[in-house]
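Here's the structure, in structure tokens; my notes come after.
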Amino acid sequence: MREFMKFYFKQIFIGLFFFFSLLDASSGLDSNPSASPENLKKKKAPSVFLGFDLKPGFYDNEVQLEAPMLHEKYDFRCSFDGSIPTKDTPIFKKTSIKKTTVIRCGVFDGAFLKKSIYTGTYFIKETVSMPVISIAVDPYDMFDPQNGYYMKGVKECEKTSSNSPCWNANYYKKIELPVHIEFFENSQSEQAWQVDAGLTMMGQWSRENPKKSVSITMRKRYQKGRINYPLFKVRPEASIFKSFNLRNSGNRFYWDYMGDALAGALLEGSTVDYQRSRQVVVFYNGEYFGVHDLRERSNEHFVTTNYGLPAEKIESIKHIERGIKANAGKPDAYIELFDFIDSNSFENSKSKAYQSIQKEVNLVSLADYIAAQIFYRNGDWPNNNVRAWRASPEYAWKFVLYDLDQAFNFKWSVKGFTDTTNMFMWLKQGGRSLCNDKRCFATIYNKLIENPDFKRLFINRSAYLFHHFFEPERVESIIDTMVASMPIEELQRDVKRWPRDTPPLTFDGVVFKEFLKERQKSIWQDYMKEFNLLDPVEITIESVGNGRVLLEGGPLASSNDGITSHKIKFFKENPVLISAEAINKKNRFLRWKDGSKQNPRRIIPKEGATYTAIFTKN
Numbered sequence: 005m006r007e008f009m010k011f012y013f014k015q016i017f018i019g020l021f022f023f024f025s026l027l028d029a030s031s032g033l034d035s036n037p038s039a040s041p042e043n044l045k046k047k048k049a050p051s052v053f054l055g056f057d058l059k060p061g062f063y064d065n066e067v068q069l070e071a072p073m074l075h076e077k078y079d080f081r082c083s084f085d086g087s088i089p090t091k092d093t094p095i096f097k098k099t100s101i102k103k104t105t106v107i108r109c110g111v112f113d114g115a116f117l118k119k120s121i122y123t124g125t126y127f128i129k130e131t132v133s134m135p136v137i138s139i140a141v142d143p144y145d146m147f148d149p150q151n152g153y154y155m156k157g158v159k160e161c162e163k164t165s166s167n168s169p170c171w172n173a174n175y176y177k178k179i180e181l182p183v184h185i186e187f188f189e190n191s192q193s194e195q196a197w198q199v200d201a202g203l204t205m206m207g208q209w210s211r212e213n214p215k216k217s218v219s220i221t222m223r224k225r226y227q228k229g230r231i232n233y234p235l236f237k238v239r240p241e242a243s244i245f246k247s248f249n250l251r252n253s254g255n256r257f258y259w260d261y262m263g264d265a266l267a268g269a270l271l272e273g274s275t276v277d278y279q280r281s282r283q284v285v286v287f288y289n290g291e292y293f294g295v296h297d298l299r300e301r302s303n304e305h306f307v308t309t310n311y312g313l314p315a316e317k318i319e320s321i322k323h324i325e326r327g328i329k330a331n332a333g334k335p336d337a338y339i340e341l342f343d344f345i346d347s348n349s350f351e352n353s354k355s356k357a358y359q360s361i362q363k364e365v366n367l368v369s370l371a372d373y374i375a376a377q378i379f380y381r382n383g384d385w386p387n388n389n390v391r392a393w394r395a396s397p398e399y400a401w402k403f404v405l406y407d408l409d410q411a412f413n414f415k416w417s418v419k420g421f422t423d424t425t426n427m428f429m430w431l432k433q434g435g436r437s438l439c440n441d442k443r444c445f446a447t448i449y450n451k452l453i454e455n456p457d458f459k460r461l462f463i464n465r466s467a468y469l470f471h472h473f474f475e476p477e478r479v480e481s482i483i484d485t486m487v488a489s490m491p492i493e494e495l496q497r498d499v500k501r502w503p504r505d506t507p508p509l510t511f512d513g514v515v516f517k518e519f520l521k522e523r524q525k526s527i528w529q530d531y532m533k534e535f536n537l538l539d540p541v542e543i544t545i546e547s548v549g550n551g552r553v554l555l556e557g558g559p560l561a562s563s564n565d566g567i568t569s570h571k572i573k574f575f576k577e578n579p580v581l582i583s584a585e586a587i588n589k590k591n592r593f594l595r596w597k598d599g600s601k602q603n604p605r606r607i608i609p610k611e612g613a614t615y616t617a618i619f620t621k622n
């Protein structure tokens, strides 16, 4: 029995030895290329290739790349056109890189690739003062004149009217190409991150523009399935991303570089969800492709990044006219919500229907979202571009600001919408498609506005939004910051790469400053006319101690602890609901400075009045 056990364990040991030897070889580690004492003494170079001595990045002059030391049985093969190397790719030899080049290399054992592909971009004599994204992709799959994903390709498109997209074009196909992404903060910085990912075209009519918009998705089948890097300076705490877009400015391609992005940026710090962005310069396979808008994607990844909620719990939908589709999860709950809205009245604040809708929808965020759309004069809404999400069952539905290309009185407006169109009329009718059927987004506003509590909430949240977030100095500062992030020489280079003759492009943000300045004046008149309100008056709402004041149940812009003060315009004699909320359980609301202990508190705004909430420790 003892001898049998010795033999048994010996066989197991031999089997495991050969198994791990094969596993080691297949991984490319090859720590023991030969068992002979002679080869052990020689210490043959390993088969792993981790990178050239010169790191990818920006260089003032040509660079020399040396072939790595590898075990003699391996071939080191590299491509220079963005394609993944194969057994037929030429063996790499010492090479001079004289122009911007993406080099992709692999170690081969005959026909078999060892370990992963190395990819790196060497920028030669390139000076870029903006963030840079380098994309490596198979050139045939992406740019072949007849078959390339970026190209029109098909002959049927030759017959297509210039006023209509060619829906048969290659770039309208449902394809995802494997790509490699590198990111640099500018030409003076080292590579910040790199990742394998998938690329798909995005947009509708805007795919017809010569510069395309693309979506980048990190999946585990490619590599890591995520990047860990703060892409957007306004939210450095949000650092885990599973996807993003590279946008061509959409419908504003021929007009400006910032319209859609600006609409979101002005709402930073509000209750409105929007896709954060920054402008970058993109290279494909070492070729300059110009300025793109690096943008968060409106899907479950957006919620995970910004709220830390697990993707599997998220329901993300798009609501276009009466069509409701899910980006994540199922649309069933959202459809049920609108069926409930269609079949109920919400005029009575004490009704079960209104109490239910308060739980199902974040009404503060909804009010802020609708007010922003009205302010921006977005003609491509509400029948279009509605996005919403929830993390069932803990979170109520929130709406996401999405695609405001047609805002700011855009000249290529949708049918039926002009510079003089009344936004309340446009909203209530459901935009261009008219709300004469079920499951129309406009119905939620049309029904809720009949409720006195929601009407008060909507008017007062709107007033706060207009007075704080669209305050002229704040607006001009944000516009100036965005303009400064896109140096004129970079924009001029982009125009040279992608010529646009008419209408003339604008670079300085002046058109937005002018629109927003005039809109700041007219919006108050629009509300006064719509709701029969009096002129606005300015009051002060502040807190002392570890607490904050809520406006109509929703937060005000965050400030430091201690004394927090907000000067806000409200419509004269229109009631306002404020409430005091302690920051934590160690503190409590004591009273208002004028002696009132009512909480929440209903006030009638009068010019110069101040309402101070005082907090104390328990």
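Take 5 as the starting number for the sequence shown in the working numbering and just add one per residue. Positions of the beta carbon are idealized from the N, C-alpha and C atoms, including for glycine.
For Leu266, the closest alpha carbon among the candidates Thr275, Gln283 and Gln68 is that of Gln283.
Secondary structure at Gln283: strand, using DSSP grouped into helix, strand and coil. Separation of Trp197 and Gly435 (C-alpha to C-alpha, rounded to the nearest whole angstrom) is 43 Å. Taking C-beta atoms as the reference points, Trp401 and Arg394 count as a pair closer than 8 Å. Sequence-distant partners of Asn213 (beyond 5 residues in either direction) whose C-beta falls short of 6 Å from its own C-beta, in its chain, are Asn252 and Phe257. Annotated three-state conformation of Phe470 is helix, per DSSP. Secondary structure of Leu235 (DSSP, three-state): coil. For His305, the secondary structure class from DSSP, reduced to helix, strand or coil, is helix. Inside the stretch 358-419, DSSP marks whole beta strand (DSSP E) runs of 3 or more residues at positions 390-395 and 402-405, from first to last along the chain.
In the DSSP assignment, Lys432 falls within the alpha helix (DSSP H) that extends over Met427 to Gln433. Exclusion of the five residues before and after His296 leaves Leu250, Arg251, Asn252, Val284 and Val286 as the residues of its chain whose Cβ lies within less than 7 Å of its Cβ.
The beta carbon of Glu186 sits closer than 6 Å to those of Thr125, Ser138, Gln195 and Gln198, all from its chain and outside the five residues before and after it, given in chain order.
By the Cβ criterion, the stretch 611-621 is in contact with the stretch 536-546, since at least three pairs of Cβ atoms, one from each stretch, lie closer than 8 Å.
Residue pairing from DSSP places Cys109 in a beta bridge opposite Cys82 and Tyr122.
Taking a C-beta distance under 8 Å as the contact criterion, Phe245 and Thr204 do not qualify as a contact pair. Here Thr485 carries a helix assignment [DSSP, helix/strand/coil].
Around the beta carbon of Met73, a 10 Å sphere encloses fewer than 16 other beta carbons of the protein chains shown; the residue is thus reported as exposed. Under DSSP, Ala332 takes part in a beta bridge, and its partners are Ser320. Runs of the alpha helix (DSSP H) lying entirely within the stretch 237-272 and spanning at least 4 residues, in chain order: 263-269. Excluding residues up to 5 positions away in sequence, Asn455, Pro456 and Asp457 lie with their Cβ nearer than 7 Å to the Cβ of Ser353 in the same chain. Unbroken beta strand (DSSP E) runs of no fewer than 3 residues, entirely contained in the stretch 531-616, are found at 540-548, 551-555, 568-575, 580-586, 591-596 and 605-607, following chain order.
For Ile492, the enclosing alpha helix (DSSP H) stretches over residues Ile492 to Arg501. When DSSP states are grouped into helix, strand and coil, Pro182 belongs to the strand group.
By DSSP's assignment, Tyr292 forms a beta bridge with Phe287. For Tyr144 against Pro182, the beta-carbon gap comes to about 13 Å, at or over 8 Å, which does not count as contact.
Between the stretch 547-559 and the stretch 578-590 there are three or more inter-stretch CB-CB distances shorter than 8 Å, so the stretches are counted as touching. The straight-line gap separating the alpha-carbon atoms of Glu534 and Ser396 is approximately 36 Å. If only uninterrupted alpha helix (DSSP H) runs of at least 4 residues are considered, those enclosed by the stretch 445-469 are 446-452 and 456-468.
Between Val404 and Tyr278, the C-beta gap is smaller than 8 Å, which places the two residues in contact.
By the Cβ-count criterion, Arg478 is exposed, with fewer than 16 other Cβ atoms from all chains shown falling within 10 Å of its own Cβ. Restricting attention to Leu560, Phe519, Ser87 and Gln602, the CA atom closest to the CA of Arg108 is found in Ser87.
Beta-bridge pairing by DSSP links Asp343 to no other residue. The closest CA to that of Ile607, considering only Asn591, Leu367 and Pro579, is found on Pro579.
Fewer than three Cβ pairs drawn from the stretch 477-496 and the stretch 371-381 lie within less than 8 Å of each other, which leaves the two stretches out of contact. Counting C-beta atoms within 10 angstroms of its own C-beta, Pro60 has 16 or more neighbours from the protein chains shown and is therefore classed as buried.
Taking C-beta atoms as the reference points, Ile572 and Leu594 fail to come closer than 8 Å.
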